[in-house]
Amino acid sequence: MSTPLSTPTAHRPEEPEAPVPTVVDRAAWDAAYERLLVREKAHTHAGDALAAARRRMPMTEVPVVDVVGPQGPVSLLDLFDGRDQLVVYKHMAHVGEPLSHQCEGCTLSVSGVHEPSYLHARGLSLAVLFEGPWELARELRDFMGYTVPWYSVAEVDEPTFGADFGEWLWLLRRGQSVYLTYRVTGRGTEAIVPSTQLIDRGVYGRGERWEDSPAHWPQPHGPGGFWRVEGRPTPQWARLAAGAVDTHHAATAHGVEHAHAHER
């Protein structure tokens, strides 16, 4: 059994002397905020219109596949857990690699969803479908402390559930049939990640070079650069600090891989 590793210091600002916004009095700040708020409200209303369009999308039937969970193979129908809707995240796997080498983009997506009670209140269940075998799914789930149900789809030879990992699917059940009503991948997943939304409202944003920021703003990262710190998906360091043990840790740092596409 290996010894838990220390939390790295790389979570701190890279440039503490970075430039700052122009300082104004409160009246000027309030006026600038009100101007921005007009645009933000328009953005919110545009999002409402998109949500209305989603509710008017057609649906398409998908196969009722078997997946593997803690008790062995189960039907996709069981994942609905008595509800009529199911949201699943399709988590990539790097089979044969240690936990430190698993997908940082998928970690970002899944680590932001811990409390499904509000989903349950609206008739939606939540589950993660893992690309790799159940043994690796269980190990990663337990190490990260996830409580959302996980299942392996390593043996599923069907494109809806067995390919195109790194995406969210919304499913509707009617009787013994299951239908796909919506999906999102690439940059579309950002709206579902609370951490990304909070970071985007910070003055320095994500610190990624593609962002439109003021001159000389610190931008040390490429797309997804903060998802991995010192060779691990970023949240894994908090798990190690809390006493979790990665028995398959590899000392060699792994570069950023399988980052979600910058352009949707």
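Per the numbering used here, the very first residue in the sequence shown carries number 34; after that it's consecutive. C-beta: ideal position from N, C-alpha, C; glycine also.
Margin query: Once DSSP output is grouped into helix, strand and coil, what is the label at S86?
Written below: Here residue 86 refers to the residue found at position 53 when the sequence shown is read from its first residue. Before going further, note that residue 86 is Ala rather than Ser in the sequence given. Here A86 sits in helix by DSSP.
Next item on the list: Could you tell me which of L110, P192 and G102 sits nearest to W167, measuring between CA atoms?
Entry: For this step, residue 167 is matched to residue 134 along the sequence shown. For W167, the nearest C-alpha among the options comes from G102.
Notebook entry, point to check: What does a CB cutoff of less than 6 Å around T193 pick up in its chain, not counting 5 residues either side in sequence?
Noted result: As a working mapping, residue 193 is identified with position 160 in the sequence shown. The residues are V95.
Note to self: Can you list, in chain order, the residues of its chain with a C-beta nearer than 8 Å to that of A43? Leave out the 5 residues immediately preceding and following it.
What the structure shows: Sequence index remark: in the sequence shown, residue 43 carries index 10 (1-based). Because the pLDDT at A43 is just 48, under 50, the model does not fix this residue reliably, and the value given afterwards should be weighed accordingly. Excluding sequence neighbours, A43 sits near V262 and E263.
Item checked: From L110, V71 and A126, residue whose alpha carbon lies closest to that of T140 -> Your numbering for residue 140 matches position 107 in the sequence shown. Of the listed residues, the one whose Cα sits closest to T140 is A126.
Checklist line | alpha helix (DSSP H) runs wholly inside the segment 146-222, at least 4 long, in chain order | finding: 150-154, 167-177 and 192-195
Notebook entry, point to check: Rounded to the nearest angstrom, how far is the Cβ of F163 from that of Y184, given a contact under 8 Å?
Noted result: Taking the first residue of the sequence shown as position 1, residue 163 is located at position 130. Taking the first residue of the sequence shown as position 1, residue 184 is located at position 151. Their Cβ separation, rounded to whole angstroms, is 7 Å, which keeps F163 and Y184 in contact under 8 Å.
Margin query: To the nearest angstrom, how far is the alpha carbon of D117 from that of Q230?
Written below: Position 84 of the sequence shown holds residue 117. Position 197 of the sequence shown holds residue 230. Whole-angstrom Cα-Cα distance: 29 Å.
Note to self: Short of 7 Å in beta carbon distance, which residues of its chain neighbour S108, apart from the five on each side in sequence? Order them along the chain.
What the structure shows: Sequence index remark: in the sequence shown, residue 108 carries index 75 (1-based). Counting only Cβ-Cβ distances below 7 Å, and skipping sequence neighbours, we find V97 and D99.
Notebook entry, point to check: Residues in its own chain within less than 6 Å of Y212 by CB, not counting five upstream and five downstream?
Noted result: On the sequence shown, position 179 is the one that residue 212 refers to. M92, E94 and L205, listed in sequence order.
Next item on the list: Answer yes if the segment 174-189 comes into contact with the segment 138-158, meaning at least three C-beta pairs across the two stretches below 8 Å, and no otherwise.
Entry: yes
Next item on the list: Inspect the beta-carbon positions of Q269 and L132 and report whether they are closer than 8 Å.
Entry: Residue numbering aside, residue 269 sits at position 236 when the sequence shown is read from its first letter. Residue numbering aside, residue 132 sits at position 99 when the sequence shown is read from its first letter. Result yes, Cβ atoms of Q269 and L132 sit closer than 8 Å.
Next item on the list: May I ask you to report which of helix, strand or coil DSSP gives T267?
Entry: Mapped onto the sequence shown, residue 267 falls at position 234. Coil, per DSSP.
Check: With distances taken from CA atoms, which of C136, A224 and G156 is nearest F259?
Finding: As a working mapping, residue 259 is identified with position 226 in the sequence shown. Closest option to F259, Cα to Cα, is C136.
Next item on the list: Count the other CB atoms, across all protein chains shown, that sit within 10 Å of the CB of A84; report buried if there are 16 or more and exposed otherwise.
Entry: Position 51 of the sequence shown, counting from 1, holds the residue named residue 84. Flag for A84 reads exposed.
Item checked: With 16 other Cβ atoms within 10 Å as the buried cut-off, status of A64 -> Here residue 64 corresponds to residue number 31 of the sequence shown, with the count starting at 1. By the neighbour-count rule (16 or more Cβ atoms within 10 Å), A64 is not buried but exposed.
Checklist line | Assigned secondary structure, S108 (DSSP; H/G/I helix, E/B strand, else coil) | finding: Working through the sequence shown from its first residue, we reach residue 108 at position 75. Strand, per DSSP.
Check: For R216, which of Q209, W203, I225 and V226 has the nearest alpha-carbon?
Finding: To locate residue 216, count along the sequence shown from 1; it is residue 183. Ranking the options by Cα distance to R216, first place goes to W203.
Margin query: In this structure, how does DSSP classify E241 when only helix, strand and coil are distinguished?
Written below: Translated into the one-based positions of the sequence shown, residue 241 becomes position 208. Correct three-state label for E241: strand.
Margin query: Rounded to whole angstroms, what is the Cα-Cα separation between E172 and T267?
Written below: What you label residue 172 is simply residue 139 of the sequence shown in a count that begins at 1. What you label residue 267 is simply residue 234 of the sequence shown in a count that begins at 1. Between E172 and T267, the C-alpha separation is close to 17 Å.
Margin query: So R239 and D233 are supposed to be a Cβ contact under 8 Å. How far apart are they, rounded?
Written below: Here residue 239 is taken as the residue at index 206 of the sequence shown, counted from 1. Here residue 233 is taken as the residue at index 200 of the sequence shown, counted from 1. Going by Cβ atoms, the distance from R239 to D233 rounds to 7 Å, so yes, they are a contact pair.
Check: In three-state terms, what does DSSP make of E305?
Finding: Only positions 34 to 297 of the chain appear in the structure, and residue 305 is not among them; the question remains open.
Item checked: DSSP bridge partner residues for K123 (one or two, in chain order) -> Sequence index remark: in the sequence shown, residue 123 carries index 90 (1-based). Partner(s): L162 and E200.
Check: From H124, E188, L169 and V128, pick the residue whose C-alpha is nearest to that of A160; which is it?
Finding: For this step, residue 160 is matched to residue 127 along the sequence shown. Of the listed residues, the one whose Cα sits closest to A160 is H124.
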